[in-house]
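Residue numbers for the sequence shown follow our numbering, beginning at -7 and rising by one.
C-beta: ideal position from N, C-alpha, C; glycine also.
Before any comments, here is the structure.
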Amino acid sequence: MSAPTPRLRHRLLQPSDFEEALGLLPPWLGLPDATRAALPALWAELLHQPGFNADVIEDVLQPPGRRLQALGVAVVLDDPWCRRLAEAPPAYAARHLYGEMLAGRFRPPSDAALARANAGEGVEFLVLHYWQRHAGLDDPLAHALWSVAMTAFRLAHAGHRVQGIHQEAWGDECEVMRSMGMFQRTRRTGTPGNAPLPELFGMRRAEALRMLPGAHLRDVFEHHRPVFGFSPAERRLLRRAVYDETDEEIARHLDTTVHTLKKQWRSVYARVSARMPAFFGDGALGEEGGRGPEKRRLLVSYLRQHPEELRPFAA
């Protein structure tokens, strides 16, 4: 009997995933044991920061403990790191950046700093690592995972005014980077023991916008000024809502109460109606009324198509 077809979905990384997620670090990255052991506490600190993205792909047919099939983690860079990747990118960049974060020398930009950047010159992301359990170029399951990963990648990064995206790859991963449209930035010769080094790939805004619309990676660089101007607390709520989390799940992940979330939903609906009076149609009721679930559905659908509303922006 053939194995059941996997049922894949992507979602945000949660603290309950951390132990399993440690098994999804790229083997070639070679993080020191102390760094690896410190990652769960660091991830827990960064999870709710708008300049940090961490997503997993899971097979919902698998039992707990074996569901996670892929992990991707990315961070918005500061100016020194942007210059470093442009001028003299180090091999194993994630090792260096994780080391700086654990030493307290680097943190992703704040909400206010991201808002200024998105209204100005934009932001640059480094994908610290992405790895999936199945990665053979001729493996149908690997192809299915990469397809879901591209959807997750767009939802995680689009909506910012992205100036550049950088990612290291090793071995066959380099072919995947090229198929995405990424440009190879380095030609490394390997270590003294002749072990191959990871190569840095990337795409800049000008390069992306020369492509015709339709490519997943190009879509990440599309940017429009947000209309609604949601507060940071509202954006944290909505960011999780677009992943179809329930209010109970959102409250648990944000360490708040469902009652508080209901007040935030009312504030969100009022803000949307003030900016776009016809958005919910005629006769729309409040969150406590009969159309609350319908209003949520309409708004979440819109936000998936307009992720700029989920990002900080200095009006």
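Identity of the residues DSSP links to residue i by a beta bridge
i, result
"L118", "V67, H158"
"G194", "H158, F175"
"H310", "This structure gives no information on residue 310, because the portion of the chain shown stretches from -7 to 307."
"D47", "L4, G64"
"Q124", "A62"
Continuous alpha helix (DSSP H) stretch holding residue i: start and end
i, result
"E241", "239 to 246"
"H135", "132 to 149"
"S259", "250 to 267"
Short Cβ contact (8 Å threshold) for residue i with residue j
i, j, result
"P299", "A150", "yes"
"Q159", "R197", "no"
"S341", "E226", "Any answer about residue 341 is impossible in this case: the structure gives the chain only from -7 up to 307."
"L5", "V48", "yes"
"R177", "F193", "yes"
"P224", "E301", "no"
"L137", "A62", "yes"
"F220", "M195", "no"
"R87", "M93", "no"
Range covered by the beta strand (DSSP E) that runs through residue i
i, result
"H2", "0 to 4"
"V52", "Run containing V52: none; DSSP gives neither H nor E here."
For residue i, the three-state DSSP class (helix, strand or coil)
i, result
"L60", "strand"
"Q297", "helix"
"G91", "helix"
"E280", "Confidence at E280 is low in this model, with a pLDDT of 47, below 50, so the placement of that residue is unreliable and no value is reported for it."
"L291", "helix"
"F10", "helix"
"G15", "helix"
Backbone CA spacing between residue i and residue j [nearest angstrom]
i, j, result
"R(-1)", "R59", "10 Å"
"A85", "E79", "13 Å"
"P18", "A134", "15 Å"
"P188", "L129", "19 Å"
"F272", "D9", "36 Å"
"M172", "A141", "11 Å"
"L291", "T181", "50 Å"
"D70", "G22", "24 Å"
"Y235", "A66", "18 Å"
"L295", "L31", "31 Å"
"E240", "T27", "33 Å"
"R231", "H40", "10 Å"
"T249", "Q256", "11 Å"
Distance cut-off 7 Å: residue i Cβ against heavy atoms of the ligand ADP
i, result
"D236", "Although the ligand ADP was asked about, the structure shown includes no ligands whatsoever."
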